[in-house]
Structures are given as C-alpha cells and as structure tokens.
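Note sheet for the following structure.
Numbering (full-length UniProt numbering), first residue to last: 1 to 175.
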C-alpha cells in the first residue's frame, strides 16, 4: 500500500508538473501573440499615420481601442486557461487526498483484523493448553487405575495358584 501510495504521489506530482508546464507554455504563447499583435498594430498605426500624414486622429483612436480590446480578450483567455488548469490540479489533489485517506482506513482495518486474529489465536492456544493438561491428567488417572486393576487381578491369580499349590502339596503328603 505504501508503494501504491508513493506511486500515486509520484503520478500526481508528474501530472501537476505537466499541468504547470502546459500553463506556462500557453501563457508564454498568449503573451508572445499579444506582443506580436501589439507590435503589428503599432506598425500599422505608424504606417497609417505616415500614410495619412498626420490626418485621421479618430482612426488612430479606433486602432488604439481595438488594440486595448484585443489585449483584454487575450488576457481573459489566458486567465481562463490558468483557472481551468488550477481547477484540474485542485481536483487531482482532492482525489489523491481521498485515496490516501482510503488507504489509511484500509491499513487501520487490516491492523485491527490482525490484532483480533492474534487475540483469537492466543485464546485458542490457552484453551488447547488447558485441554491438553486435562488429557494428561485423565491419562495418568487411567494408567494408575489400570495398574491398580492389574495388580488386583495378579494378586487374585497368585492367590488362586497358591491355593492350588497348597492343595497339591496336601494331596502329595497324604500319598
């Protein structure tokens, strides 16, 4: 997840850098166009002034007004482009922040699940230890009981053999 987050950050930085470069490129392009048109207009004014030999002040005023309107239009277009790019950068930044929050929540959920799993394993371990101890105790008791039963049977068997032996000895003495 950290690698994924780092990749997303890197991609975001690249996108923002590309956007910034694009805005700068477009700004330079618009500014160059504004400068070119202003120069062209100025040359036209000079040419017109020379041509009319000082006549047509009204026409020069119109040309100045047209130049001013053109510059305003180009600046508005440049500002609109910059605003659109800023909005796109803000949108991408917001998406990245949301993704980071989502990944953080996912990490917290995994950590909580892991802790819960470890607690269950610990509990099961304690239960199995207790069950194993009970099995050992029961086994010792069963072995002791079987041992006692075996000793009792052996005593009874030996007692029976001794009795027969005594009877046989008694029979042999009589003969």
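Positions of the beta carbon are idealized from the N, C-alpha and C atoms, including for glycine. These numbers come from a predicted model, not from an experiment.
Query raised in the report: Under three-state DSSP, which class holds residue 175?
Result: Look at residue 175 here: in three-state DSSP terms it is coil, with no helix or strand label.
Query raised in the report: Are there 16 or more other CB atoms within 10 angstroms of the CB of residue 126, so buried, or fewer, so exposed?
Result: Exposed, because fewer than 16 other Cβ atoms sit within 10 Å of the Cβ of residue 126.
Query raised in the report: On the three-state DSSP scale, how would you describe residue 1?
Result: Three-state DSSP puts residue 1 in coil, outside helix and strand.
Query raised in the report: So, using beta-carbon positions, are residue 78 and residue 27 closer together than 7 Å?
Result: Yes, the Cβ-Cβ distance between residue 78 and residue 27 is below 7 Å.
Query raised in the report: Are the stretch 15–31 and the stretch 85–101 touching by the rule of at least three beta carbon pairs closer than 8 Å?
Result: They touch, by the three-pair rule.
**Report entry** When 172, 69, 94 and 170 are compared against residue 9, the one with the closest alpha-carbon
**Finding:** The shortest C-alpha to C-alpha distance from residue 9 to any of 172, 69, 94 and 170 is the one to 94.
**Report entry** Inter-residue Cα distance where the pair is residue 4 and residue 37
**Finding:** So the two alpha carbons sit approximately 48 Å from each other.
Query raised in the report: Going by C-alpha distance, which of 35, 98 and 101 is nearest residue 72?
Result: Cα-wise, what sits closest to residue 72 is 35.
Query - Every unbroken alpha helix (DSSP H) inside the stretch 87–163 [4 residues or more] - result: No alpha helix (DSSP H) of 4 residues or more sits fully in the stretch 87–163.
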